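Below is one structure, written out as structure tokens; comments come after it.
In our numbering, the protein residues as written are 11 to 939.
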């Protein structure tokens with residue numbers, strides 16, 4: 011992957027206008043799609059397969075008058091008055107009549123004086139409630155209807171006696187549409203300041219912000235365009251905005267920081283860009299993929315709106331990754347060599363004194379102190395984060411309602427007023443519904459059922475217990491004693507469901523508990539149940555991915571343990587603010603209490619990917635330094651341990667600047683959404699900000715170096731059997747560095763060049779080979795399997811275990827994808843369709859064609875192959891394998907290809923210094939093991 015990214019970076023650098031215009035075109039298309047197709051967000055929550063959702067669907071079919079969204083108007087009489095007084099009753103009844111005729115979306119308007127409904131006037135008769143039922147969900151009610159409703163309420167308020175209060179609220183107004191405020195721009199300003207300090211250049215610092223904003227624009231427009239085809243909640247675009255900005259800035263930062271360091275070291279800007287995209291860009295792609303997997307994994311909960319949220323956020327991250335590896339090098343192409351930034355001032359020597367030693371870096375001092383007493387540091391971090399995590403035990407989950415809106419909003423004022431006059435449970439009524447077609451006396455049946463429900467602890471009163479007009483479905487509407495987001499209300503829902511079998515036997519009704527409050531409780535329960543499998547998924551994924559990347563067991567284990575500490579500490583910070591009330595006023599928390607139910611799973615998914623970012627960037631540099639230290643291969647354990655400790659310190663010092671900047675930027679972006687953010691997004695933003703700060707600075711930059719120092723050389727050990735079965739994933743740009751070191755090898759224009767080529771499983775060892783452009787060679791030996799493996803390796807279809815191999819100017823295995831696409835290969839078998847295979851191999855004028863198993867050809871196939879090769883381009887190099895070299899030589903002679911080099915892979919090895927280069931005049935290119 012790193013070599014492909016390197017090539018992509020080089021191409022983008024050379025063609026900056028094409029890349030920039032392509033992304034601007036993508037922005038235009040996405041923006042047009044949002045304007046034309048955008049249908050708006052939808053905050054209606056559903057959860058298929060649950061009892062509450064099934065109940066709502068049943069009500070929608072048989073009792074539509076109570077299945078849609080609702081609104082309510084509370085009227086509080088002036089001091090000394092009662093709402094039953096004529097001065098109130100007449101005006102309220104008139105308002106009810108006007109509301110019933112508002113428009114077709116209003117199914118019913120219930121007066122507080124309706125004899126069929128109880129509980130609409132409080133016990134003191136100082137307050138009454140008008141209830142409205144609408145057709146459909148809140149998003150189906152037009153803005154015009156809402157405005158007309160407010161107008162009726164305003165008129166009623168004017169008509170009622172002085173000192174009275176009216177307030178409009180209910181489910182219809184329980185959710186707010188979040189927006190972006192100036193506070194979020196402060197996060198971008200802080201990010202810009204961090205970038206200026208990091209790059210020491212105003213222009214260079216602006217490039218990551220530019221790419222991030224462009225990426226966010228594309229992803230946001232795409233999300234709004236997708237509302238034409240999917241239900242998208244209003245929180246989804248803001249979550250995508252928050253993540254897109256954070257990762258977009260950080261991913262560009264990683265690539266540009268590597269590029270700037272290389273340019274300062276004198277590397278050509280174009281070459282530096284290609285290297286930066288191939289090395290840091292590989293880590294960016296790996297980190298982005300982990301975030302994508304974690305976000306898509308939100309589907310574990312089985313809740314449609316959460317799955318949509320995860321997909322939308324993952325799309326924003328995918329766009330950020332794509333822009334980082336394409337637009338970032340393109341912008342560097344515009345900048346050319348003007349990216350070095352302002353050089354740091356060297357300390358000046360005093361008169362008559364020698365120049366002072368360079369100032370010691372702060373990161374070097376930090377890691378030295380951490381690794382000097384690693385056990386003490388580790389215990390301090392673990393115990394400290396354990397204490398921070400204590401408030402997490404108090405977390406309660408619930409869907410947002412009007413009670414968490416700002417106190418200035420009309421829905422919040424109505425919510426508080428209803429709770430004050432009628433009790434907190436009136437804001438979250440529950441509904442029991444079931445089919446009663448078998449009953450001969452539905453009215454008495456529902457009355458008896460309502461009486462039984464009223465006896466259950468936690469039920470304040472039964473407001474309504476009645477069959478529908480066709481007497482085939484009955485409902486019981488009850489008022490809990492506690493608020494909708496109170497854990498006691500969730501317990502009441504479970505208690506009501508526990509009576510299901512009892513009431514089924516007694517009344518022959520299959521009852522379901524439903525309503526807006528019950529749906530929220532079911533969603534919270536399902537999300538809570540999904541946390542454990544989702545946690546196992548992300549932690550297991552981190553163990554597998556990091557084991558593959560670092561070829562180690564302890565590195566993944568410490569990374570996963572650090573992730574767990576960051577998560578629980580992040581939960582603890584959220585719990586301290588939103589449950590305990592610490593700094594709640596300073597952070598403008600509207601109400602202390604349960605937090606939005608999908609905060610934990612989103613925090614786990616997002617923080618997982620970001621934590622892996624920092625782990626990869628820090629520990630990969632440590633691994634690189636340890637692998638390149640000869641002392642790391644010493645037989646003496648103490649020497650290896652010292653090398654491991656040096657690698658921890660040098661690797662940390664080399665990457666700490668970038669990780670520190672990345673952590674500060676992400677923290678600034680996330681925390682900017684907290685003070686004025688939407689009530690649904692505020693706990694998520696705070697959890698992410700706290701989690702990022704804890705993970706970056708306490709876990710990755712403090713705990714991990716301490717643990718690595720404790721482990722020493724054991725951190726890089728892995729069982730041999732596990733090493734053999736693990737796939738090779740290059741996220742550190744090793745293939746790019748290998749290409750750079752071997753750029754001058756083999757020093758000629760060989761179409762195929764190999765030195766010490768080894769394929770252990772096939773028994774191929776130490777093969778040396780040179781084949782000139784247009785030349786011909788035959789590889790022979792006693793093992794068909796060895797010849798087949800060697801053919802596959804040269805054709806880019808199989809990776810060698812050791813040695814060097816360059817085919818058509820491309821180094822393998824890094825450029826295997828290019829070689830597979832441009833080098834023809836024919837593998838003969840008893841069932842080979844030689845004509846089609848050879849036509850495919852020669853298609854597109856390949857520079858090299860490999861034909862394996864020539865000795866398996868029949869006489870007719872021999873003649874057919876010779877004829878096709880005779881017509882092939884003379885510049886195409888041919889490499890044949892055969893157990894009998896004479897047959898292959900005869901075939902090449904019949905094709906007009908002479909002279910022919912013969913390489914016997916079973917022959918004794920010649921010194922590599924004697925390697926000749928094949929050309930048209932050479933008699934042999936055979937130098938083999």
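By construction, the Cβ of each residue, glycine as well, lies at the ideal position given by its N, Cα and C atoms.
Only a predicted model underlies this, so the values are computations on that prediction, with no experimental measurement involved.
Looking at residue 473 and residue 232, is the spacing between their C-beta atoms short of 7 Å? no
Skipping 5 residues on each side, what residues in its chain have a beta carbon closer than 7 Å to that of residue 129? 471, 473, 489
Span separating the alpha-carbon of residue 214 from that of residue 349: 6 Å
Just to confirm my understanding: we take residue 680, look at its own chain, exclude 5 residues before and 5 after, and list those with CB closer than 7 Å. What are they? 252, 256, 695, 698, 699, 702
For residue 604 and residue 510, I'd like the C-alpha separation in whole angstroms. Those two C-alpha atoms are separated by around 28 Å.
Three-way DSSP call (helix, strand, coil) for residue 763 in this model: strand
Starting from residue 834, follow its DSSP beta bridges and name the residues at the other end. 859
Start and end of the beta strand (DSSP E) containing residue 465? From DSSP, residue 465 is part of no beta strand (DSSP E); its letter is neither H nor E.
Close-in-space but distant-in-sequence residues of the same chain around residue 880 (CB under 6 Å, 5 per side omitted): 905, 906
Using DSSP with H/G/I as helix, E/B as strand and the rest coil, what is residue 14? helix
Inter-residue Cα distance where the pair is residue 176 and residue 707: 52 Å
Does the stretch 607-619 come within contact of the stretch 535-553, defined as at least 3 CB pairs closer than 8 Å? yes
Residue from 326, 653, 287 with nearest C-alpha to residue 306: Answer by Cα proximity: 326.
Please list the terminal residues of the continuous beta strand (DSSP E) segment that includes residue 645. Residue 645 -> no beta strand (DSSP E), and no H or E assigned at all.
Please name the residue in 630, 507, 867 whose C-alpha comes closest to that of residue 558. From the listed residues 630, 507, 867, the smallest Cα separation to residue 558 is found for 630.
Taking the C-alpha atoms as reference points, what is the distance between residue 461 and residue 455? 10 Å
Would you mind sorting residue 942 into buried or exposed? The rule is 16 or more other CB atoms within 10 Å of its CB. The chain is shown only over 11 to 939; residue 942 falls outside these bounds and no answer can be derived.
What's the call for residue 282, buried or exposed, on a 16-neighbour Cβ count within 10 Å? Burial call: buried.
Return helix, strand or coil for residue 383, following the three-state DSSP convention. Note: residue 383 maps to coil in three-state DSSP.
DSSP three-state label for residue 22, please. helix
DSSP three-state label for residue 891, please. strand
Which value, in whole angstroms, describes the spacing of the CA atoms of residue 58 and residue 44? A straight-line Cα-Cα distance of about 28 Å links residue 58 and residue 44.
Where does residue 117 fall in DSSP's three states? strand
Please look up how many angstroms separate the CB atoms of residue 578 and residue 591, rounded, as I've assumed it's under 8 Å. Actually they do not touch by this definition, with Cβ atoms about 20 Å apart.
Using only the alpha-carbon positions, how far apart do residue 582 and residue 394 sit? One C-alpha to the other measures close to 12 Å.
For the candidate residues 751, 865, 746, whose alpha-carbon lies nearest to that of residue 15? 746
What number of angstroms, rounded off, separates the C-alpha of residue 173 from the C-alpha of residue 439? Distance from the CA of residue 173 to the CA of residue 439, rounded to the nearest whole angstrom, comes to 29 Å.
Could you pull out every unbroken beta strand (DSSP E) segment of at least 3 residues lying fully inside the stretch 162-241, listed in chain order? 175-179
When 748, 675, 26 are compared against residue 222, the one with the closest alpha-carbon: Residue 222 has its Cα closest to that of 675, out of 748, 675, 26.
Which residue marks the beginning of the beta strand (DSSP E) containing residue 520, and which one marks its end? Premise fails: residue 520 is in no beta strand (DSSP E) and is neither H nor E.
Backbone secondary structure at residue 914 - three-state DSSP: strand
Span of the beta strand (DSSP E) holding residue 630? Counting along the chain, residue 630 sits inside no beta strand (DSSP E); it lies in the alpha helix (DSSP H) bounded by residues 609-637.
Does the beta-carbon distance from residue 83 to residue 151 come in below 7 Å? no
Check whether residue 570 and residue 553 have beta carbons under 7 Å apart: yes
How about residue 260 and residue 764: do their beta carbons lie closer than 7 Å? no
Residue range of the beta strand (DSSP E) that residue 279 falls in? No beta strand (DSSP E) holds residue 279; the alpha helix (DSSP H) holding it covers 279-306.
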